[in-house]
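Participant: Numbering (UniProt numbering), first residue to last: 1 to 188. For glycine and all other residues, C-beta sits at the position ideal for the given N, C-alpha and C. One structure is given below, represented as structure tokens, and several questions about it will come after.
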Amino acid sequence: CPEVLIRSTHLEHHNKTHAGEKPFKCDFCPASFSHTMNLQRHKRTHTGEKPYKCGLCPAAFSHSTNLQRHSRTHTGEKPYKCNLCPSEFTQVHHLKDHVRIHTGEKPYKCDLCPAEFNRSTHLQCHKKAHTGEKPYKCDLCPSEFSRLHHMKDHIRIHTGEKPYKCNLCPAEFTRSTYLQGHKKTHMG
């Protein structure tokens, strides 16, 4: 392969990846790895060790990449930009999910009905409709919901909160869909 490595130890490790050699075995499960660093990183899933700590909040992580990703919640940095619209994202997988809105791709298919989704989380929520699972329960009444955002919308019935405000008139709504419908009345 075209890989150029300065140290002979790096070359030895690199060659193991080509050979499929995985001499570093986990003490906790059957997993094995070609590099000792990968084994050390993996072991943290068993030990719960989180050596990478955020300097701005109590969050801690087992991998440095997770800390980098988390840091963006404090800095507001969004390095992943959509080429088709102005949207920007903190994580590459959020960008990939978003691009499917433009392409129409729906790779997540329900095995119980013809429904297809552009995000795996949407498929997981949809499956609850088949099972009847409603894990989100209102603390103020007996209502139960299969989706968290449905419960949040419902709670506004109790609180009276109307966070969706029309920018053309004083109207306010408990749900974004109600605001969208209302805006059509201004279009005449």
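Given a cut-off of 8 Å on the beta-carbon distance, is the pair S146 and C166 in contact?
Facilitator: no
Participant: Using only the alpha-carbon positions, how far apart do H102 and I157 sit?
Facilitator: 34 Å
Participant: Name the one or two DSSP bridge partners that A60 has.
Facilitator: Beta bridge pairing from DSSP links A60 with K53.
Participant: Cα separation between S71 and K78?
Facilitator: 11 Å
Participant: Check each candidate in L148, S176, H63, D139 and name the one with the smallest Cα separation from T159.
Facilitator: The closest CA to that of T159, considering only L148, S176, H63, D139, is found on D139.
Participant: Between L179 and H74, what straight-line distance do the alpha-carbon atoms span, to the nearest angstrom?
Facilitator: Whole-angstrom Cα-Cα distance: 30 Å.
Participant: Find out if the Cβ-Cβ distance for the pair H93, L112 is shorter than 8 Å.
Facilitator: L112 sits away from H93, with the two beta carbons spaced by 8 Å or more.
Participant: Figure out for me which residue from C26, C141, S176 has the closest Cα to the Cα of D153.
Facilitator: S176
Participant: Kindly identify the DSSP beta-bridge partner or partners of F33.
Facilitator: The secondary-structure analysis by DSSP pairs F33 across a beta bridge with F24.
Participant: Quick one: using the 10 Å Cβ neighbour count with 16 as the cut-off for buried, is F33 buried or exposed?
Facilitator: buried
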